[in-house]
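Student: Residue numbers (my numbering), protein chains in the order written: chain A, 907 to 1479; chain X, 907 to 1479. For every residue, glycine included, the Cβ atom is placed at its ideal position computed from N, Cα and C.
Number of protein chains: 2
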Amino acid sequence: MSVVRNQLEPGAYCDSIILMRLRGALEDLPGILEAGAVMATETNLSLLAESGLLLESAADRRPDDLLVAVRAESEAAATAALEKLPTLLRRRGGGEESAEYRPKSLAVAVRQLPAARWVLVSVPGRFAARVAREALLLDRNVFLYSDNVELTEEVELKRLAEERGLLVMGPDCGTAIVGGVGLGFANRVRRGAIGLVGASGTGLQAITAAIHAQGGGVSQALGTGGRDLSVEVGGSTALAALSLLVADEQTEVIVLISKPPAPSVASALLSMARGCGKPVVVCFLGSPPPALEIDNLNFAHNLQDAAQLALAMVEVATYDFHFHKAPLGEPLPGFLRGLFAGGTLAQEAVLSLGDWLSPLRSNVALDPSMRLEEPENSQGHCIVDLGADELTVGRLHPMIDQELRLRRIEREAADPQVGLILLDVVLGDGAHADPAAQLAPAITAALARDGLEIVVLVVGTDEDPQDLASQVERLEAAGATVFRRPSGAWDHVRARLAALPSNGGVGARPADLAAPLAAINIGVESFYDSLVAQDDPMTSTQSPKVTALHVEWRPPAGGDARMMAILDKLRSS
Amino acid sequence: MSVVRNQLEPGAYCDSIILMRLRGALEDLPGILEAGAVMATETNLSLLAESGLLLESAADRRPDDLLVAVRAESEAAATAALEKLPTLLRRRGGGEESAEYRPKSLAVAVRQLPAARWVLVSVPGRFAARVAREALLLDRNVFLYSDNVELTEEVELKRLAEERGLLVMGPDCGTAIVGGVGLGFANRVRRGAIGLVGASGTGLQAITAAIHAQGGGVSQALGTGGRDLSVEVGGSTALAALSLLVADEQTEVIVLISKPPAPSVASALLSMARGCGKPVVVCFLGSPPPALEIDNLNFAHNLQDAAQLALAMVEVATYDFHFHKAPLGEPLPGFLRGLFAGGTLAQEAVLSLGDWLSPLRSNVALDPSMRLEEPENSQGHCIVDLGADELTVGRLHPMIDQELRLRRIEREAADPQVGLILLDVVLGDGAHADPAAQLAPAITAALARDGLEIVVLVVGTDEDPQDLASQVERLEAAGATVFRRPSGAWDHVRARLAALPSNGGVGARPADLAAPLAAINIGVESFYDSLVAQDDPMTSTQSPKVTALHVEWRPPAGGDARMMAILDKLRSS
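(1) Less than 6 Å between C-beta atoms, sequence neighbours within five positions excluded: which residues of the same chain meet that for X/Val1188?
(2) Skipping 5 residues on each side, what residues in its chain have a beta carbon closer than 6 Å to that of X/Gly1001?
(3) Report buried or exposed for A/Pro1233, applying the criterion of at least 16 other Cβ atoms within 10 angstroms of its Cβ.
(4) Along the stretch 1418 to 1437 of chain A, what residues have a CB closer than 9 Å to any CB found in chain X?
(5) Compare the C-beta of A/Pro1416 against all C-beta atoms of chain X and say whether one is closer than 7 Å.
(6) By a C-beta neighbour count over all protein chains shown, 10 Å radius and 16 as the cutoff for buried, is X/Asp1211 buried or exposed?
(7) State the Cα-Cα distance for the pair A/Pro1077 and X/Arg1096, rounded to the nearest angstrom.
(8) Would you list the residues sitting across from X/Gln913 in a DSSP beta bridge?
(9) Beta-carbon within less than 6 Å of X/Leu1044's beta-carbon, same chain only, minus the 5 sequence neighbours each way: which residues are those?
(10) Within 7 Å of any Cβ in chain A, is that where the Cβ of X/Ser1258 sits?
(11) On the criterion of 16 or more Cβ atoms from any shown chain inside 10 Å, does A/Ala1343 qualify as buried, or is it exposed?
(12) With DSSP as the reference, label X/Gly1244 as helix, strand or coil.
(13) Rounded to a whole number of angstroms, what is the C-alpha to C-alpha distance between X/Ala1112 and X/Gly1129?
(14) For a cutoff of 7 Å on Cβ pairs, would you count X/Val1139 as touching chain A?
(15) Taking DSSP as the reference, what is the three-state secondary structure of X/His1287?
(16) How is the beta strand (DSSP E) around X/Gly1101 delimited, first residue to last?
(17) Given that A/Pro1389 touches chain X, what residues does it touch there, using C-beta distances under 9 Å?
(18) Three or more C-beta pairs closer than 8 Å, one from the stretch 1234 to 1252 of chain X and one from the stretch 1138 to 1151 of chain X: is that the case here?
(19) Near A/Ile1315, what residues of its chain come up, given a Cβ to Cβ distance below 6 Å and the 5 sequence neighbours on each side ignored?
(20) Taking the alpha-carbon positions, what's the A/His1228 to X/Pro1237 distance?
(21) How should A/Arg1311 be labelled, buried or exposed, when 16 other C-beta atoms within 10 angstroms of its C-beta is the threshold for buried?
(22) Of the residues that make up the stretch 1361 to 1384 of chain A, which ones have a beta carbon closer than 7 Å to any beta carbon in chain X?
(23) Taking C-beta pairs closer than 8 Å, name the residues in chain X that A/Val1016 reaches, listed in chain order.
(24) Return the chain-ordered list of same chain residues with a C-beta closer than 7 Å to the C-beta of A/Leu1057, the five sequence neighbours on each side being excluded.
(25) Under 9 Å, CB to CB, which of the residues in the stretch 1452 to 1473 of chain X have a partner in chain A?
(26) Helix, strand or coil for A/Gln1372, going by three-state DSSP, please let me know.
(27) Output the distance between the C-alpha atoms of X/Gly1411 and X/Gln1285, rounded to the nearest integer angstrom.
(28) Fully enclosed by the stretch 1084 to 1148 of chain X, which beta strand (DSSP E) runs are 3 residues long or longer?
(29) Residues of chain A with CB under 7 Å from X/Asp1335, in chain order?
(30) Can you check which of these residues, X/Arg968, X/Ile1360, X/Leu935, X/Glu940, is closest to X/Leu951 by C-alpha distance?
(31) Please name the residue or residues paired with A/Gly1334 in a DSSP beta bridge.
(32) Which residues share a DSSP beta bridge with X/Thr1081?
(33) Is A/Ala918 closer than 7 Å to A/Arg929 when the C-beta atoms are compared?
(34) How would you list, in chain order, the residues of chain A whose beta-carbon sits under 9 Å from the beta-carbon of X/Ile1306?
(35) Kindly indicate which three-state DSSP category X/Lys1231 falls into: helix, strand or coil?
(36) Quick check on DSSP: helix, strand or coil for X/Gly942?
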């Protein structure tokens, strides 16, 4: 019989890394079975409640409060653990005090490292705008990782950046590569001639990783945040980033990637791109490309395609356009459950699979009717972006903290209606140091249930700190089917789950299409004339054999609606 | 001083061809300056009013009534013309009584030509379902050209067709090629190995014409009508048509074209296509292709691309993927006014130009915010489908009757804000016998105004009855710039009207991207760790030079919102 205890520390702000480490430290204490340490937001509380870690007594908590919960073998163990809390909380930054002196404010930091042209901001959303503003006023460019920043704040920050000739990447900017260095989440890639601007974190990561895998390199990768291309923000960062890449000597080809922009913003962005003098690959995921190419613009279908096009343009790889006919396997019964850390990867999965697994719901669906209203609860075929704003308040992004996903894998596996779980694992700097260490056991446990398949898309490079080969090996050993290219994963899921092609039951008669044709025309007389004319060797070199007849039709009852109704009644009776 | 006279013939139903001919016959009478002959629908009355041909006295008219209007040089000429009306109305079918015996009902027609497996129905919308039902009950397939048919009627008709193993193409089906014979509007094309199914009339015409132009041929082209892929209709015709093409021995490659289908319908259609054993080119205009190819499915960007893909697959032409950089000209000031007869051509123009001419309004815009609410009145950049249901009640399609468009060209040319008028001319059986004869003078007259350009897209083949070469020659002689491929026309319009690329005014500093990088981190500490790790030759073969500093940040005022507000106030004062 286990014991659950909660402890509330009012106003004790902790950043999410600290919370994750605190949870780990508590779970390492003797007699502790499970622990939770969260800022007391509604989502976090409901997640605690779901694990049975929340007590009613912990009422009246505010989002600023730290809530610690333990499930212990005994009352004594629980008490002992909670008594250690003050010590654990003091032991910040990975368990030991940092030796070097650390500034407590941005102003001091800038004096200490005046060469720093970039400030990375990842404090909780409600504090983020204030910190970013301070950085801009100190004449620094900002990489704003924080999410849950108000739209009005974003607009103000970007206006200020424009005035001062600075760049604000974000808010909710997951990744960037500046001068060869990855900021936030980034894969380690060769330096090279391809520069990228993206409103999408994992999208940029997937493309840069693909470029590296095929021998290409990246000059810069600049993020904009997901709302930059809205009417309100007007593409401020995207336009500034694009102009930076145009001026950047190392950049020979530019890749522009985002969800569909507002029309006025697309127009401004494409105008600038079209006049920039460098080839540009445009990938507006979810928006139909207007053409294969327009002037110097080349439109890509998807992430993989964007990488291929860019590589072809710097002549590192050829653009391989081929027709293939893959065999179809017997489909797996059951639902797809996609549990994604990467928002753009989730988005691309929805776009690629939505036409096949119908309905396919998602919290990132562009079609409002396909919206998954409660991303905490799966429904039919669905794809959940676990990094969405609403799920990350007061907790770390799922690319760092896998707890939410591990628990969800367990839950989905327990649902007998689920046939396939689809996961992404994004490697690189900033991401979890060893995702396979946690995922592999969870995958093995889940696959203990018959009739379940787990597919993992791994985005990473051979230079990434996590050791790509070992990650793949351990995931495969656990029983997962692993793919390195997004489209490979989508193809596999489609082949496994999409309804078997049907070709029966539709009964029109093929013989009715055979020549020679005979037809009756009723209505516009010129259509009859055209039929007859086609049989005339004088006007037609084709001259197929046609027999046609025109009906001299007049509306029944002279077109009188009341009389027509009476006639219909007489006929049917 | 001219005289206007109206005459109402209550309940005198006339089909639209008769009306068009009646108008022509009246205008040929001595002393008649202008004439109108319309079924008295609201749209038609307002068009008459616009030309100053409607008198107040013609009140109380119903849509079933025939309204004849003349503007004459004198009272006597007007009276004389209207007195001829009964004679003119009797002279049906092109001015002389047909010599052959013509059945007055479908049942008689079927007895007379029992070999006819197809019935072409183009009676006015409110009668159309009744005629189509009769044809199905007589065990005949239906080509249903009529528009303004109720959705519930369409569903009923298609259910009946399914039960009886028949095909209903339409309602609002503009074109088909069955057994080598064009039904409705159709270009004359070589017979060949490419079979098409399309929810789009001019889309099918543009693709079949392009296939023919490049040496390919068409086995069958089956229309479905624009609503077939809605949830309500469920793709009934498209599925049946697809299964016909699968069974059709002459068809080696299938092209499937439509506007974006409902997700459940797309799923059914693509499932069938994927299992059909033949290569299929899919072109869902306005919907992002999920990939370049999925199994045997190949996704096209646009009409031209669909034709190219199909041709490549039957090895008639190579699929040419190339990068080009076209020079940019000085843009023309002024608005685009697209006046289209072809709905799908209008749609593709919107999709191709919408990102560049912003806002671009249209009565066929997929984006509700870009909807042109009153297609009778232009607004900014806009594209009008003059063949849309709401504009064709009681009058012929603009591919046959050009009156509406001729008048509109005159009006747009008179607007000094208009810089470019874009027109389509669709040739082939069923279409106007000589569109250039009317359009060329209208174009010459419009171009009398300085600063106006007129671009014409001509869709047709060298086999079409109108003589393609002569059409193009006369349109060009009138001063129009003529294109034969849709994308050629869109490219030209884009180059002429899209805002000049701007590249100034965005002020972020290129030097800030240069290596070595120095950065300050504030928030998630692991991002700092990642920065430092990238500078470590032990963990990174890239090892760029990075200098980084982490700020030991705590929320101001312990995160207390009220205190933070006070601090902000103090600071700003």
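Tutor: For this structure:
(1) In the second sequence, counting from the first residue as 1, residue 1188 of chain X sits at position 282. Contacts found: Leu1162, Leu1203, Phe1205.
(2) Translated into positions along the second sequence, residue 1001 of chain X becomes position 95. Here X/Gly1001 scores only 42 on pLDDT, less than 50, and its place in the model should not be relied on; the value that follows carries that caveat. Hits under 6 Å: none found.
(3) What you label residue 1233 of chain A is simply residue 327 of the first sequence in a count that begins at 1. Low local confidence applies: a pLDDT of 46 at A/Pro1233 is under 50, so the model's placement there is unreliable, with the coordinate-based value given in what follows. The residue is exposed, with fewer than 16 neighbouring Cβ atoms inside 10 Å.
(4) Asp1418, Leu1419, Ala1420, Ala1421, Pro1422, Leu1423, Ala1424, Ala1425, Ile1426, Asn1427, Ile1428, Gly1429, Val1430, Glu1431, Ser1432, Phe1433, Tyr1434, Asp1435, Ser1436, Leu1437
(5) Stepping through the first sequence from its first residue, residue 1416 of chain A is reached at position 510. For A/Pro1416, the answer is yes, since a Cβ of chain X falls inside 7 Å of its Cβ.
(6) Numbered from its first residue, the second sequence carries residue 1211 of chain X at position 305. Classification of X/Asp1211: buried, given that the 10 Å Cβ count is 16 or more.
(7) For the purposes of this step, residue 1077 of chain A is taken as the residue at position 171 of the first sequence. For the purposes of this step, residue 1096 of chain X is taken as the residue at position 190 of the second sequence. So the alpha carbons of these two residues sit roughly 57 Å apart.
(8) As a working mapping, residue 913 of chain X is identified with position 7 in the second sequence. Here X/Gln913 is bridged, per DSSP, to X/Val974.
(9) Locating residue 1044 of chain X in the second sequence gives position 138, counting from the first residue. These residues qualify, in order along the chain: Val1016.
(10) Here residue 1258 of chain X refers to the residue found at position 352 of the second sequence. For X/Ser1258, the answer is yes, since a Cβ of chain A falls inside 7 Å of its Cβ.
(11) Translated into the one-based positions of the first sequence, residue 1343 of chain A becomes position 437. Exposed.
(12) By 1-based counting over the second sequence, the position of residue 1244 of chain X is 338. DSSP places X/Gly1244 in strand when its eight states are reduced to three.
(13) Working through the second sequence from its first residue, we reach residue 1112 of chain X at position 206. Working through the second sequence from its first residue, we reach residue 1129 of chain X at position 223. Distance between the alpha carbons of X/Ala1112 and X/Gly1129 is about 13 Å.
(14) Within the second sequence, numbered from 1, the residue matching residue 1139 of chain X stands at position 233. Answer no: the Cβ-Cβ gap between X/Val1139 and chain A never drops below 7 Å.
(15) Position 381 of the second sequence, counted from the start, is the residue given in the question as residue 1287 of chain X. Here X/His1287 sits in strand by DSSP.
(16) Here residue 1101 of chain X refers to the residue found at position 195 when the second sequence is read from its first residue. Its beta strand (DSSP E) spans residues 1097 to 1104.
(17) Stepping through the first sequence from its first residue, residue 1389 of chain A is reached at position 483. The question names Pro, but residue 1389 of chain A is Phe in the sequence shown. The contacting residues do not exist; A/Phe1389 stays about 14 Å from chain X at best.
(18) no
(19) Taking the first sequence and counting its residues from 1, one reaches residue 1315 of chain A at position 409. So the list reads Ala1348, Ala1352, once near-sequence residues are dropped.
(20) For the purposes of this step, residue 1228 of chain A is taken as residue 322 along the first sequence, with counting starting at 1. For the purposes of this step, residue 1237 of chain X is taken as residue 331 along the second sequence, with counting starting at 1. With a pLDDT of 41 at A/His1228, under the threshold of 50, the modelled position of this residue cannot be trusted; read the value that follows with caution. It is roughly 38 Å from the alpha-carbon of A/His1228 to the alpha-carbon of X/Pro1237.
(21) The count along the first sequence starts at 1 and reaches residue 1311 of chain A at position 405. It is buried - the Cβ of A/Arg1311 has at least 16 other Cβ atoms within 10 Å.
(22) For the stretch 1361 to 1384 of chain A, the beta-carbon criterion of a distance under 7 Å to any beta-carbon of chain X is satisfied by Glu1369, Pro1371.
(23) For the purposes of this step, residue 1016 of chain A is taken as residue 110 along the first sequence, with counting starting at 1. Going along chain X in sequence order, the residues near A/Val1016 (Cβ under 8 Å) are Ile1426.
(24) Residue numbering aside, residue 1057 of chain A sits at position 151 when the first sequence is read from its first letter. So the qualifying residues of the chain are Arg1133, Glu1138.
(25) Cβ contacts with chain A come from Val1452, Thr1453, Ala1454, Leu1455, His1456, Val1457, Glu1458, Trp1459, Arg1460, Pro1461, Pro1462, Gly1464, Gly1465, Asp1466, Ala1467, Met1470.
(26) For the purposes of this step, residue 1372 of chain A is identified with residue 466 of the first sequence, where counting begins at 1. Three-state result, A/Gln1372: coil.
(27) Working through the second sequence from its first residue, we reach residue 1411 of chain X at position 505. Working through the second sequence from its first residue, we reach residue 1285 of chain X at position 379. The predicted model places X/Gly1411 with a pLDDT of 46, which falls under 50 and marks its position as unreliable; any figure quoted below should be read in that light. Roughly 30 Å between the two C-alpha positions.
(28) 1087 to 1090, 1097 to 1104, 1124 to 1129
(29) Along the second sequence, read from residue 1 onward, the residue named residue 1335 of chain X stands at position 429. Near X/Asp1335 (Cβ distances below 7 Å), the residues of chain A are Ser1436, Ala1439, Gln1440.
(30) Position 45 of the second sequence, counted from the start, is the residue given in the question as residue 951 of chain X. It is X/Arg968.
(31) Here residue 1334 of chain A refers to the residue found at position 428 when the first sequence is read from its first residue. Partner(s): none; A/Gly1334 has no beta bridge.
(32) In the second sequence, the residue the question calls residue 1081 of chain X occupies position 175. Looking at the DSSP assignment, X/Thr1081 forms a beta bridge with X/Gly1090.
(33) In the first sequence, the residue the question calls residue 929 of chain A occupies position 23. In the first sequence, the residue the question calls residue 918 of chain A occupies position 12. Their beta carbons are not under 7 Å apart, which means A/Arg929 does not touch A/Ala918 by this criterion.
(34) Numbered from its first residue, the second sequence carries residue 1306 of chain X at position 400. Here the neighbours are Val1430, Ser1432.
(35) In the second sequence, counting from the first residue as 1, residue 1231 of chain X sits at position 325. Caution applies to X/Lys1231, whose pLDDT of 39 falls short of 50 and renders its modelled position unreliable; the model cannot decide the point.
(36) The residue labelled residue 942 of chain X in the question sits at position 36 within the second sequence. Three-state DSSP puts X/Gly942 in a strand.
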